[in-house]
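Written below as structure tokens is the structure these notes are about.
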Amino acid sequence: MLVEYIAGNFHGIIPLGDIIFYVTDFSLIAFIIAMLFTAIVYLTKPEKQLEAQVHEFGDKFNYVTVEELKIRRFMSIVCGIATAFSMLTGDLFDFALFLAVIGITNIGIVSAVEKEWVLNAAFHYGIIAIISSLPLFGGAALILGKTGTLSIFELAKNGNELFYQKLLYAVGMIGETGVAPFYAAKAEMFRAPGAPYILMIHLSSLLVIVRTVEILLTIS
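Below, the structure written as structure tokens:
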């Protein structure tokens, strides 16, 4: 099967009601990476970001308050868990749902930052993510309407022509993850103080992009 060539060996499934996780070499490695970084986020303390002051001598530290710390840590953990399980899911609709959760938590990670330029970037990214949910779920709906299934493994066997449906699905993913040049200003969110929580935004986007490419190649 093509999926075995792309994702490696198939090790089995984990059924959880309507959600079925498929365990392959690729999905297992990506799941472990996401959970590892989630554990790092949970265990580490945020950075103290140093800023140079213009026209003044000396430097200034940006401190993260306890209230802000709790919100950002919680959102980072939820983002990491959603990213980890999006690596395992074998259903296009469930993958789209995980992408929506990742987009919401990405905004939540910086929502408590008391910096106007960070909040503006998060607001505009949120608008793009909301708009992108239409092609994302619309692409999944069109694939379901044409093939009668959303299972990635079943779609790998069918051999249907799904170029435009996959293109629409990919556009939705690009908007949800804020890939440049679709929305390059998402990089402004990365400049917010408080790593490693901010790094979870970057990691989730990278893993989702790789996973989406793997899915689209599998169902071709």
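Residue numbers (the working numbering): -16 to 203.
Built from N, CA and C at the ideal position, the CB exists for glycine as well.
Distance between residue j and residue i (C-alpha atoms, nearest Å)
{"i": "I181", "j": "A22", "result": "14 Å"}
{"i": "V61", "j": "G155", "result": "21 Å"}
{"i": "G63", "j": "F136", "result": "25 Å"}
{"i": "L117", "j": "A(-10)", "result": "28 Å"}
{"i": "K53", "j": "L151", "result": "37 Å"}
{"i": "K28", "j": "F57", "result": "13 Å"}
{"i": "I2", "j": "D74", "result": "8 Å"}
{"i": "A145", "j": "A124", "result": "One point to set straight first is that residue 145 is Leu, not Ala, in the sequence displayed. So the two alpha carbons sit approximately 12 Å from each other."}
{"i": "G122", "j": "I87", "result": "20 Å"}
{"i": "Y108", "j": "D8", "result": "33 Å"}
{"i": "L11", "j": "A104", "result": "33 Å"}
{"i": "N143", "j": "E50", "result": "51 Å"}
{"i": "A139", "j": "I198", "result": "9 Å"}
{"i": "F78", "j": "L(-1)", "result": "14 Å"}
{"i": "I126", "j": "M18", "result": "30 Å"}
{"i": "F106", "j": "T201", "result": "34 Å"}
{"i": "S94", "j": "R55", "result": "8 Å"}
{"i": "F120", "j": "A83", "result": "10 Å"}
{"i": "S134", "j": "K149", "result": "14 Å"}
{"i": "V162", "j": "T48", "result": "30 Å"}
{"i": "L189", "j": "G128", "result": "29 Å"}
{"i": "F76", "j": "A13", "result": "19 Å"}
{"i": "L102", "j": "I113", "result": "16 Å"}
{"i": "I16", "j": "Y147", "result": "32 Å"}
Spatial neighbours of residue i in its chain, beta-carbon cut-off 6 Å, leaving aside the 5 residues before and after
{"i": "H(-6)", "result": "V6"}
{"i": "R194", "result": "M70"}
{"i": "I(-4)", "result": "I3, Y5"}
{"i": "S59", "result": "V24, I92, Y180, M183"}
{"i": "S187", "result": "C62, T66, I85"}
{"i": "S115", "result": "G155, G158, E159"}
Same chain, Cβ closer than 7 Å to residue i, five either side skipped, listed in chain order
{"i": "N141", "result": "T130"}
{"i": "T132", "result": "L138"}
Local Cβ density within 10 Å of residue i, reported as buried at 16 or more and exposed below that
{"i": "N89", "result": "buried"}
{"i": "V196", "result": "exposed"}
{"i": "T160", "result": "buried"}
{"i": "L26", "result": "exposed"}
{"i": "M(-16)", "result": "Only weak support exists for where M(-16) lies, its pLDDT of 47 falling under 50; the value from the coordinates is given anyway. Answer is exposed; the Cβ neighbour count stays below 16."}
Own chain residues within Cβ distance below 8 Å of residue i, not counting five before or after
{"i": "F81", "result": "A65, T66, F68, S69, T72"}
{"i": "N(-8)", "result": "T7, D8"}
{"i": "F20", "result": "G63, P179, L182, M183, L186"}
{"i": "V191", "result": "T66, S69, L82, I85, M156, E159, T160"}
Opposing strand residues paired with residue i [DSSP bridges]
{"i": "L(-1)", "result": "I2"}
{"i": "F(-7)", "result": "T7"}
- In chain order, each alpha helix (DSSP H) run of at least 4 residues that lies wholly inside the region 113 to 162: Within the region 113 to 162, the complete alpha helix (DSSP H) segments of 4 residues or longer fall at 135 to 141, 146 to 160, listed in chain order.
- Fully enclosed by the region 58 to 97, which alpha helix (DSSP H) runs are 4 residues long or longer? DSSP assignment within the region 58 to 97 yields the following whole alpha helix (DSSP H) runs of 4 residues or more, N-terminal first: 75 to 94.
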